[in-house]
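Student: Below is the structure I would like to discuss, written out as structure tokens.
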Ligand code: ATP
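Numbering (our numbering), first residue to last: 51 to 295.
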């Protein structure tokens, strides 16, 4: 039987009087890439921020590997290896690439020990060779695409059992964006990483995802296997545009 990594039940989130999420339920199973699709302002980022403990829901439940983590703080959540890579590739600009990677492992350093961390760094460098070339360089001097790779690599150093990726290709040139998405697929192949992904390029995200959920005005309006969503008339009209024509 498939093992649920995240199970969200009837989640509602408000910003003051504004309801951003209404009765959202979804699951992500172990080893899956699941895409969250929706227009600007649909509530995608709000959902990821609520899962990772940055926002508190008004009602509903979030279960992570069977444990109720609803309303827990972000720091408690990341210790459970539920890792959020937010929008706008937030790297520590004045630290080197290597130090950014070490910081990713900070919360489990005492438990894992130096040897495991060094092994993870080697794995990350196998996946992102450009980061090894630049390991002594300050992160703020990397290109946009390289910074995005570093943000994801730092997420991997946290040993994610679930990786929440918010717009990993935002602002990148199309060819670099493609490379970053291919790396997400590679993460699944290499590490078996489970991913919940928000991606502006809906076509590209469904191409790498196993399943998807469509969110509109804070509600889930459709879900299914990626290949079904790719051929769904409403999804095509609303989100795929010229990508399929
Ligand atoms: P985008 O693709 O543009 O990032 P999104 O689907 O991620 O959009 P959210 O950022 O989750 O959407 O926003 C959902 C709704 O909540 C929007 O109507 C937005 O204006 C509102 N919202 C988001 N953040 C806040 C906030 N801090 N205060 C008030 N309203 C907010």
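Heads up, the beta-carbon is just placed ideally off N, CA and C, and yes, glycines get one too.
When the distance is taken between beta carbons, is residue 276 closer than 8 Å to residue 256?
Tutor: Contact: yes.
Student: Give me the Cβ distance between residue 238 and residue 245, rounded to the nearest whole Å; I'm assuming they're in contact under 8 Å.
Tutor: Confirmed, about 7 Å.
Student: Identify every run of the alpha helix (DSSP H) within the segment 112-142, keeping only runs that are complete inside it and at least 4 residues long; order them along the chain.
Tutor: Whole alpha helix (DSSP H) segments, 4+ residues: 124-129.
Student: Taking 8 Å as the threshold (C-beta atoms), are residue 108 and residue 64 in contact?
Tutor: Closer than 8 Å, so yes.
Student: Check each candidate in 191, 199, 194 and name the one with the smallest Cα separation from residue 175.
Tutor: It is 199 whose Cα lies nearest to the Cα of residue 175.
Student: Which residues mark the beginning and the end of the beta strand (DSSP E) in which residue 272 is found?
Tutor: Looking at the DSSP string, the run of the beta strand (DSSP E) that includes residue 272 is 269-275.
Student: For the ligand ZN, which residues count as neighbours when the test is a C-beta closer than 6 Å to any heavy atom?
Tutor: For the structure depicted, the ligand ZN is absent and the ligand set comprises only the ligand ATP.
Student: Go through its chain and collect everything with a Cβ distance to residue 295's Cβ below 6 Å, but skip five positions before and after it.
Tutor: No answer about residue 295 holds up, because its pLDDT of 36 lies below 50 and its placement is not dependable.
Student: Taking its Cβ as the centre, do 16 or more other Cβ atoms sit within 10 Å of residue 53, making it buried, or is it exposed?
Tutor: Exposed: under 16 other Cβ atoms inside 10 Å.
Student: Suppose the cutoff is 7 Å on Cβ atoms and the five residues either side in sequence are ignored; what does the same chain contact list for residue 128 look like?
Tutor: Closer than 7 Å at Cβ, skipping near neighbours: 157, 208.
Student: Apart from the five residues on each side of it in sequence, which residues of its chain come closer than 6 Å, Cβ to Cβ, to residue 178?
Tutor: Once the five neighbours on either side are set aside, the close Cβ partners of residue 178 are 199, 203.
Student: Can residue 71 and residue 214 be called in contact, C-beta distance under 8 Å?
Tutor: No, the pair does not count as a contact, with Cβ atoms beyond the cut-off.
Student: Taking 7 Å as the limit between beta carbons, can you name the residues of its chain near residue 73, skipping five residues before and five after?
Tutor: Hits under 7 Å: 60, 62, 269.
Student: Our contact map puts residue 185 next to residue 234 with C-beta atoms below 8 Å; I'd like the distance itself, whole angstroms only.
Tutor: Not really, about 22 Å apart at Cβ, beyond 8 Å.
Student: Residue 232 to residue 188, Cα distance in whole Å?
Tutor: Taking the straight line from one Cα to the other gives about 25 Å.
Student: Run through DSSP, which three-state label would residue 109 get?
Tutor: Strand.
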